[in-house]
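To start, the structure under review is shown below, and the notes come after it.
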Amino acid sequence: MSLLALSDVTIRYGRLTAVRNVALTLAEGEVLFITGPNGAGKSSLLRAIAGVTPPAGGRIDFADHDITGRAPEDIARLGLSMVPEGRDVFASLTIEENLMVGAGMHVKESNWRARVTNALEEVYETFPILRDRRHAQAGLLSGGQQQMLVIGRALMTNPRLVAIDEPSLGLAPNITDQVYERLIALQGQRKLTLLIVEQSSTRAMMVGGRMILMRGGEVLIDGDARAMGQSEAMQAAYFGYGEH
Amino acid sequence: MSAILQILFDALSLGSLYALGALGIALIFGVMRLVNFAHGDVIAFSIFALLWPSVDVVARVGAGNLPWFLLIPFVLAVGAGLSVLAELTVFRRFRNASPATMMIASFALGFVIRYFLLMLYSSRPKSISLLPALSQPVEILGARIPLLQVITILATVAILFGLTSFLRRTRFGLEMRAAAENFTMARMLGVRANRVIMGAFALSGALAAAIGLILGSQTGTADIQMGANVMLMAFIATVIGGLGSLPGAVIAGFLLGAASVVMQVTLPIDARPFRDAFVYGAVIAILIVRPQGLLSGRGTKERV
Chain A
170 MSLLALSDVT IRYGRLTAVR NVALTLAEGE VLFITGPNGA GKSSLLRAIA
220 GVTPPAGGRI DFADHDITGR APEDIARLGL SMVPEGRDVF ASLTIEENLM
270 VGAGMHVKES NWRARVTNAL EEVYETFPIL RDRRHAQAGL LSGGQQQMLV
320 IGRALMTNPR LVAIDEPSLG LAPNITDQVY ERLIALQGQR KLTLLIVEQS
370 STRAMMVGGR MILMRGGEVL IDGDARAMGQ SEAMQAAYFG YGEH
Chain B
5 MSAILQILFD ALSLGSLYAL GALGIALIFG VMRLVNFAHG DVIAFSIFAL
55 LWPSVDVVAR VGAGNLPWFL LIPFVLAVGA GLSVLAELTV FRRFRNASPA
105 TMMIASFALG FVIRYFLLML YSSRPKSISL LPALSQPVEI LGARIPLLQV
155 ITILATVAIL FGLTSFLRRT RFGLEMRAAA ENFTMARMLG VRANRVIMGA
205 FALSGALAAA IGLILGSQTG TADIQMGANV MLMAFIATVI GGLGSLPGAV
255 IAGFLLGAAS VVMQVTLPID ARPFRDAFVY GAVIAILIVR PQGLLSGRGT
305 KERV
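Heads up: the protein sequence lines correspond to chains A and B, in order. So that you can map any letter, position 103 of the first sequence is 272 in my numbering, and since no number is skipped, the others follow by simple counting. So that you can map any letter, position 141 of the second sequence is 145 in my numbering, and since no number is skipped, the others follow by simple counting.
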């Protein structure tokens, strides 16, 4: 049984079609990279899954619920945590407050503090830098620290699936390495399902897992990331040359 | 000395009104980018709710006869209730509309409330005596200050303190602050949009009612236009303070109050009738220097 299933999903912005009839399934515990050039519809797809931009057509199922057109908070409550592009930290809140926003949304008011304390402890163990600066304003963190903060914040919701849009955007390569190292370690520890959007497929090939390649709003290829590195179809998708 | 003290109390009590008004507007702006021009009419409505409907000149006092410890919660609940009702019946339908559309809707709602009051109570201001004990003057360091001014200032400080600790210490307050900064992100973390927006409307409505109580006790009249001036000044305060910034709104509210009072005393006699022109002139000057307001509503951008 798949955790996430998209069938025939189409997304439009006015008259522009960003995503066309995409079908996709993701099993529990899987790591899936969605890659492709600018404007391929990767972020749109993620926004539709998170409920931010409802699809114009098709159906999205998550954790045995039809979530097509549901509100973002309802989808989040089912266990889908979204980390949008550009690291949307709440800049005027402290790091700890940022982490607390999504913590224990199913928990009653009386048990909230205890639940938050435990969850915070786990996140601080993974990202010690966040503990050191927990009372600092999130807007003052560097890009890499903010990326760790938003991943930590997503974990606070105790999710089954974490969807991350371009975690490497604007980060130095060595910082990106660190972020991925933690991410993959977390995935193993917590049996998380990961859905990662990256423009470049290089990272997917390094990390491994499944990869789909989008272009012009459609899925071109779906397969093992490492095996796909060599394929010519890949090259064609990015650079647009036809068959030799 | 006592003259200066007098000016200080005048400035602080007028500033308190503007600050409370600005806070009510900024709270709603923060979570839904709506400038609620019906806010002034909620102020008037809260006071008229104390009277039985009648078109007589003399007010037929209803709930206004309650003792103060029941009267105050009653008025606050009326303001909060009306505000939440406005959210449920009007603003919820405009959730995804442009800010301009929402603003026009708020004007329309304001007219509906005003004409509803007009229909039930007529347009004549009614004299009421709310909390009459408060009009006694008290002596502070040789200056005779109306007790109401002292209470207004103390109540405002208490409200600001209470609101700050509510926003800082409670889960709901945390959700409101997160939502004010980035609503979509907050929702993606499971924060319920409807709950947060309703909470903001309830708080804002209660603040409007508090202003109504203060104005009603101060002037001794209930007038369907009574909220208009405070609303205008409060709106200006939220703009100067940086739309969406709560501390900015409060600071700017007090600044405006102080500017009005100080100009009233220091301007040459011939220029005093034009005091408001000078106040607005100062507002324009501030906005030319800092178009984003004193404190920008959005948090500081990420450091790269």
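Virtual Cβ for every residue (Gly too), placed ideally from N, Cα, C.
Open item on the list: Tell me which residues share the same chain as E335(A) and place their Cβ nearer than 7 Å to its Cβ, disregarding the 5 neighbours each side in the sequence.
Closed with: Locating residue 335(A) in the first sequence gives position 166, counting from the first residue. Hits under 7 Å: E254, V366, E367 and Q368.
- [ ] My understanding is that V200(A) touches V191(A), with C-beta atoms under 8 Å, so please give their C-beta distance in whole angstroms.
- [x] Along the first sequence, one-based indexing puts residue 200(A) at 31. Along the first sequence, one-based indexing puts residue 191(A) at 22. That pair is no contact at about 19 Å.
Task: G220(B) to S133(B) span [Cα, whole Å] - done: Residue mapping note: residue 220(B) aligns to position 216 of the second sequence, counting from 1. Residue mapping note: residue 133(B) aligns to position 129 of the second sequence, counting from 1. Put simply, the backbone Cα of G220(B) is about 8 Å away from that of S133(B).
Open item on the list: Rounded to whole angstroms, what is the Cα-Cα separation between R37(B) and G271(A)?
Closed with: Within the second sequence, numbered from 1, the residue matching residue 37(B) stands at position 33. Within the first sequence, numbered from 1, the residue matching residue 271(A) stands at position 102. Looking at the two C-alpha atoms, the distance is approximately 22 Å.
Task: For N190(A), three-class secondary structure by DSSP - done: Numbered from 1 along the first sequence, position 21 holds the residue referred to as residue 190(A). Annotated three-state conformation of N190(A) is strand, per DSSP.
Task: Collapsed DSSP secondary structure at A253(B) in the structure displayed - done: Residue numbering aside, residue 253(B) sits at position 249 when the second sequence is read from its first letter. A253(B) falls in the helix class under three-state DSSP.
- [ ] To the nearest angstrom, report how far apart G19(B) and G252(B) are at their CA atoms.
- [x] Here residue 19(B) refers to the residue found at position 15 of the second sequence. Here residue 252(B) refers to the residue found at position 248 of the second sequence. Looking at the two C-alpha atoms, the distance is approximately 13 Å.
TODO: Within 10 angstroms of the Cβ of S127(B), are there 16 or more other Cβ atoms? Answer buried if so, exposed if not.
DONE: Locating residue 127(B) in the second sequence gives position 123, where the first residue counts as 1. With fewer than 16 other Cβ atoms within 10 Å, it is exposed.
Open item on the list: For a test of the three-state rule: what should DSSP assign to S250(A), helix, strand or coil?
Closed with: The sequence position of residue 250(A) within the first sequence is 81, counting from 1. Assignment of S250(A) by DSSP, reduced to helix, strand and coil, places it in the strand class.
Open item on the list: Quick check on this structure: which residue in L236(B), A263(B), L9(B) and V293(B) has the alpha carbon closest to the alpha carbon of H43(B)?
Closed with: Mapped onto the second sequence, residue 43(B) falls at position 39. The candidate whose alpha carbon is nearest that of H43(B) is L236(B).
TODO: Give the residues of chain B in contact with T326(A), contact being defined as C-beta atoms less than 7 Å apart.
DONE: The residue you call residue 326(A) lines up with position 157 of the first sequence. Contact annotation for T326(A) against chain B: L193 and G194 [CB-CB distance below 7 Å, chain order].
- [ ] List the residues of chain A that R181(B) touches, going by C-beta distances under 7 Å, in chain order.
- [x] Reading the second sequence from its first residue, position 177 is the one you call residue 181(B). At a beta-carbon threshold of 7 Å, the residues of chain A lying near R181(B) are L262, ordered along the chain.
Task: Nearest to A196(A) (by Cα), restricted to the options R379(A), M383(A), M397(A) and L389(A) - done: Here the question's residue 196(A) lines up with position 27 in the first sequence. Just measuring C-alpha positions, the residue of R379(A), M383(A), M397(A) and L389(A) sitting nearest A196(A) is R379(A).
TODO: Check whether the Cβ atoms of G248(A) and L363(A) lie closer than 9 Å to each other.
DONE: By 1-based counting over the first sequence, the position of residue 248(A) is 79. By 1-based counting over the first sequence, the position of residue 363(A) is 194. No.
- [ ] Out of S264(B), F165(B), V283(B) and S50(B), point me to the one whose CA is closest to Q229(B)'s CA.
- [x] Locating residue 229(B) in the second sequence gives position 225, counting from the first residue. The residue with the shortest Cα to Cα distance from Q229(B) is S50(B).
Open item on the list: Please state the DSSP three-state secondary structure of L145(B).
Closed with: For the purposes of this step, residue 145(B) is taken as residue 141 along the second sequence, with counting starting at 1. Coil, per DSSP.
Task: Rounded separation between A225(A) and R302(A) - CA only - done: Position 56 of the first sequence holds residue 225(A). Position 133 of the first sequence holds residue 302(A). The alpha-carbon of A225(A) is positioned some 43 Å away from that of R302(A).
- [ ] With a 10 Å radius around its C-beta and 16 neighbouring C-beta atoms as the bar for buried, classify R181(B) as buried or exposed.
- [x] Taking the second sequence and counting its residues from 1, one reaches residue 181(B) at position 177. Answer is buried; the Cβ neighbour count reaches 16.
Open item on the list: How far does the alpha helix (DSSP H) with V221(A) in it extend, from its first residue to its last?
Closed with: Numbered from its first residue, the first sequence carries residue 221(A) at position 52. Counting along the chain, no alpha helix (DSSP H) covers V221(A), and no H or E run does either.
Task: Check whether T286(A) and L324(A) have beta carbons under 9 Å apart - done: Counting from 1 along the first sequence, the entry for residue 286(A) is found at position 117. Counting from 1 along the first sequence, the entry for residue 324(A) is found at position 155. No.
TODO: Could you check what DSSP says for P336(A) in three-state terms: helix, strand or coil?
DONE: Taking the first residue of the first sequence as position 1, residue 336(A) is located at position 167. Coil at P336(A), not helix or strand.
- [ ] Indicate whether at least one CB of chain B lies closer than 9 Å to the CB of S213(A).
- [x] The residue labelled residue 213(A) in the question sits at position 44 within the first sequence. Closer than 9 Å: no.
Task: Listed by chain order, chain A residues near E143(B) by CB distance under 9 Å - done: Numbered from its first residue, the second sequence carries residue 143(B) at position 139. Simply none; closest approach about 43 Å.
Open item on the list: So A197(B) contacts chain A; which residues on that side make the cut at Cβ distance below 9 Å?
Closed with: Residue numbering aside, residue 197(B) sits at position 193 when the second sequence is read from its first letter. In chain order: A240, P241 and E242.
- [ ] Might you give, ordered along the chain, the residues of its own chain that have their beta carbon closer than 6 Å to the beta carbon of M251(A), omitting 5 neighbours on each side?
- [x] Walking along the first sequence from the start, residue 251(A) turns up at place 82. If we look at M251(A) and ignore the five residues flanking it on each side, its Cβ neighbours are A219 and A332.
TODO: Leaving out five residues on either side along the sequence, give the residues of the same chain with a beta carbon under 7 Å from the beta carbon of A162(B).
DONE: Within the second sequence, residue 162(B) is the residue found at index 158, counting from 1. Within the same chain, A162(B) has no close Cβ partners at all.
TODO: Have a look at L245(B) and L298(B) and give me their C-alpha separation to the nearest angstrom.
DONE: Translated into the one-based positions of the second sequence, residue 245(B) becomes position 241. Translated into the one-based positions of the second sequence, residue 298(B) becomes position 294. A small correction: the amino acid at residue 245(B) is Gly; Leu does not occupy that position in the sequence shown. Distance between G245(B) and L298(B), taken at the CA atoms: about 5 Å.
Task: Bridge partner(s) assigned by DSSP for G392(A) - done: Looking up residue 392(A) in the first sequence gives position 223. The partner list for G392(A) (beta bridge, DSSP) reads M380(A).
TODO: Check the Cβ-Cβ distances between N100(B) and every residue of chain A, and say whether any is below 9 Å.
DONE: For the purposes of this step, residue 100(B) is identified with residue 96 of the second sequence, where counting begins at 1. Cβ-Cβ to chain A under 9 Å: no for N100(B).
Task: Buried versus exposed, by CB contacts within 10 Å (16 or more), N432(A) - done: Residue numbering for chain A in the displayed model covers 170 to 413; residue 432(A) lies beyond these limits and cannot be assessed.
Task: Chain-ordered neighbours of A190(B) on chain D, where CB pairs are closer than 7 Å - done: The structure shown contains no chain D; its protein chains are A and B.
TODO: Alpha carbon to alpha carbon, how far is G34(B) from A204(B)? Give it in angstroms, no decimals.
DONE: Along the second sequence, one-based indexing puts residue 204(B) at 200. Along the second sequence, one-based indexing puts residue 34(B) at 30. Approximately 9 Å, taken between the alpha carbons.
- [ ] Would you kindly report the start and end of the unbroken alpha helix (DSSP H) that includes E266(A)?
- [x] Position 97 of the first sequence, counted from the first residue, corresponds to residue 266(A). First-last of the alpha helix (DSSP H) with E266(A): I264 to V270.
- [ ] Report the residues of the stretch 247–261 of chain A with a CB closer than 8 Å to any CB of chain B, ordered along the chain.
- [x] Those residues of the stretch 247–261 of chain A that come within reach of chain B (Cβ to Cβ, closer than 8 Å) are S250, M251, P253, R256, D257, V258, F259, A260 and S261.
Open item on the list: At the level of alpha carbons, what is the spacing between M121(A) and V348(A)?
Closed with: This structure cannot settle anything about residue 121(A), because the visible part of chain A is limited to 170 through 413.
- [ ] Compute the distance between the beta-carbons of A214(B) and V79(B), then report whether it is under 9 Å.
- [x] Position 210 of the second sequence, counting from 1, holds the residue named residue 214(B). Position 75 of the second sequence, counting from 1, holds the residue named residue 79(B). The beta carbons of A214(B) and V79(B) sit closer together than 9 Å.
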